[in-house]
Structure formats: structure tokens, C-alpha cells
Amino acid sequence: MELIDSHCHLDDERFDPDRSDVLRRAADIGINTFIVPAVHADSCHKLFTLSQQHDEMYPAYGFHPWFCDNHHDNDFDLLAEYLHSAIAVGECGLDFGLCKTDAGTQLSWLRPQLQLARDFNLPVILHSLKATDMLIGEIKKWPGLQGVVHSYSGSLQQAQQLIDLGFYLGFGGAITRPQANKSHDLIKQLPLANILIETDAPDQAPYTQRGKRNEPAFLIEIAEHVARLRDMHTNEIADICNANAKELFNL
Ligand SMILES: [Zn+2]
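Numbering (my numbering) for the sequence shown: 43 to 293.
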């Protein structure tokens, strides 16, 4: 079986001690393609170097709302440089749950990135926590823009709007929690053609690995979980989600 991890932070310093082991464990179970979104300028620099060394890492470059305090205005010039070798813009977005930065500041970082996605004709990798309606409003300003809302936590109705706009929804470790009824219902009802699977490693470890550092090899659990919810074989889910990732990121 082949699997694509559609969202993992392999540049994260928590992988510095054993990154090659992490990649080998993933390869051992058929995961050889990783979409890796940077989250701030330093992360962009590091990811650029890593992606030169590892063909299996497909880099996206962007500025995450959690790090608004660390971003600088001239980072956008840097971003535009890196986007020449990117498969997507991101990770960017809005977070009114875990992030204390005000909406205006978060939007001032998000909007130019949506503009860059349009300018470079790239999909966008979005983070959204308790912000999905506002995010949908921003996306609507860019007709034809494509992308994914990763680690999707919105409603079915919001999901439907995003799908109508040409977006995919990413699901990861959170769906493996036994009490995640809302995500389970979503996965049962959403069109499979709009679902991506991801680990978001090193964060969001699946339920059986809770408390540990997450890594791409655990993606198999996400695929198995989606398969169980849809009453399908894991192979079929893998094939569909791989095709979705290839389509969106033009792999
Ligand atoms: Zn992420």
C-alpha cells in the first residue's frame, strides 16, 4: 500500500535527533510522499534545505497564525522567493481558539498569502480553529482558489460550503479519539473525493499513541479509521486519498 501524508511538519526540531529513522519507518509501510508546510520564516529556510536533500518532501511555504508575533513585513519578499519551488502556500489561516492574536492582525498575515497563492497559481494549506466562517469569507474573495482546510474541525454545513468553493478537508489524529463523534459523522457524510488524510506530525498523535510525538508512520491508523467509518477497505481509502492529494498539489 502507498500512502501520502498530506500534512506533516518534518522540519520541526522535534525530528532533528532522528529524522532519517522517522522517514525510514514511514517508508517501511509505504509512506514515501510528504506534504510539508512551513510555519514561519526560519521554518521556510530549514524546509528549503531539507527538501533539497529529500525528494520525498514536497514543500509548502507560509506563515502560521500562531507565530504572528514573530513574522516581519519583509518576510513576504522571502515567501515570494520560496514559492518558486513550492507545491502550495501555507500553512496559514485563522485561529480564534488557541491563538490570542487579534483577528485584524491574523487577517493582515493571511490576506497577502491568499494573494500570493493566486499570483503563483498554487493551492493554499489552511489552518482554521473556531474561525471557519470568517475563513470562508476570505476564500470567497478569490474565486477559483483551491486548497485544503487541514485538521478540519468545522460543521458539515461549513464543509459543504468549502467543497463548493473547491476545497478539500484534511483529517488526522483527532478522528481516532473514541469520543470524536462530530468528526466521525462528518467523515461518514462527506464526499470521499474531498477528503485528505494527514498526521500533522509531530503534533496530534492518534489515540493509540496519545502523549507521544506523532510521526508519519502513524498515518496508517488514520486511513484505517476512515475505512472503518466508511465500511471500506483501507487500500481503497488510501487510493482515493492519494489521488486527491496528487490532484490538489499537482504531484
Ligand atoms: Zn500543521
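In this text, a Cβ means the ideal position worked out from N, Cα and C, and glycines have one as well.
Not one heavy atom of ligand 1 falls within 8 Å of the beta-carbon of His226.
Within the DSSP bridge table, the entry for Gly135 names His169 as partners.
Taken in chain order, the complete beta strand (DSSP E) segments of 3 or more residues contained in the stretch 69 to 124 are 73 to 79 and 99 to 103. Here Leu45 really is in contact with Gly72; their C-beta atoms are around 6 Å apart, less than 8 Å. Here the alpha carbon of Arg66 sits roughly 10 Å from the alpha carbon of Asp60.
Here the stretch 248 to 258 does not lie against the stretch 202 to 213, with fewer than 3 beta-carbon pairs under 8 Å apart. Beta-bridge partners assigned by DSSP to His226: none are found. In the three-state DSSP reduction, Ile262 falls in the helix class (H, G or I). In this structure, Ser193 has its beta carbon less than 8 Å from a heavy atom of ligand 1. Just measuring C-alpha positions, the residue of Arg160, Pro244 and Val190 sitting nearest Gly215 is Pro244. At a cut-off of 8 Å, the beta-carbon of Pro233 does not count as near ligand 1: no heavy atom of the ligand is closer than that. Taken through DSSP and simplified to helix, strand or coil, Gly253 comes out as coil.
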